[in-house]
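Chemist: Every number in our numbering is 1454 more than the matching position in the sequence shown, counting from 1.
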Amino acid sequence: MAHVTLYTKQDCPYSQAARMLLRDQGIGFEDIDVTEDESLFAKMVERSGGHTTVPQVFIAGRHIGGFADLARFQQQGGFGSFPGAQPGIPSPS
1455 MAHVTLYTKQ DCPYSQAARM LLRDQGIGFE DIDVTEDESL FAKMVERSGG
1505 HTTVPQVFIA GRHIGGFADL ARFQQQGGFG SFPGAQPGIP SPS
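#1: Are the stretch 1458-1472 and the stretch 1517-1524 touching by the rule of at least three beta carbon pairs closer than 8 angstroms?
#2: Would you please state the rounded distance, in angstroms, between the beta carbons of residue 1484 and residue 1459? I believe it to be under 8 angstroms.
#3: What number of angstroms, rounded off, separates the C-alpha of residue 1476 from the C-alpha of residue 1463?
#4: How would you write the range of the alpha helix (DSSP H) that residue 1512 sits in, first residue to last?
#5: Suppose you measure from the CA of residue 1531 to the CA of residue 1517; what does that come to, to the nearest Å?
And the structure:
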């Protein structure tokens, strides 16, 4: 499976929506909580090209964007363009 990484915050409704979208698709992901970790937040900002909002989504190392971008990516069949990023992969609890 293509590696999926989410940078999120605990109480962010868009972070929760991104997790739900991926779980509903059966896509496993790494969830990096930047709520109280300035170094992880700084890494997210660097990797995303300066974006300071969450979530920030990366698939196979490629920056997808935030939740709206992830939803659009999914609606346009984007998961099919990443070998192995198909439904059926377990998500973290």
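C-beta: ideal position from N, C-alpha, C; glycine also. Predicted model only: the values in this text are computed from it and were never measured.
Modeler: Based on what the coordinates show:
#1: Result yes; three or more Cβ-Cβ pairs closer than 8 angstroms.
#2: Taking the sequence shown and counting its residues from 1, the one referred to as residue 1484 is at position 30. Taking the sequence shown and counting its residues from 1, the one referred to as residue 1459 is at position 5. The pair is a contact, with the Cβ atoms about 5 angstroms apart (cut-off 8 angstroms).
#3: Translated into positions along the sequence shown, residue 1476 becomes position 22. Translated into positions along the sequence shown, residue 1463 becomes position 9. Straight-line Cα distance between these residues: approximately 16 angstroms.
#4: For the purposes of this step, residue 1512 is taken as the residue at position 58 of the sequence shown. That residue, residue 1512, is in no alpha helix (DSSP H); its beta strand (DSSP E) goes 1510-1513.
#5: Residue numbering aside, residue 1531 sits at position 77 when the sequence shown is read from its first letter. Residue numbering aside, residue 1517 sits at position 63 when the sequence shown is read from its first letter. So the alpha carbons of these two residues sit roughly 16 angstroms apart.
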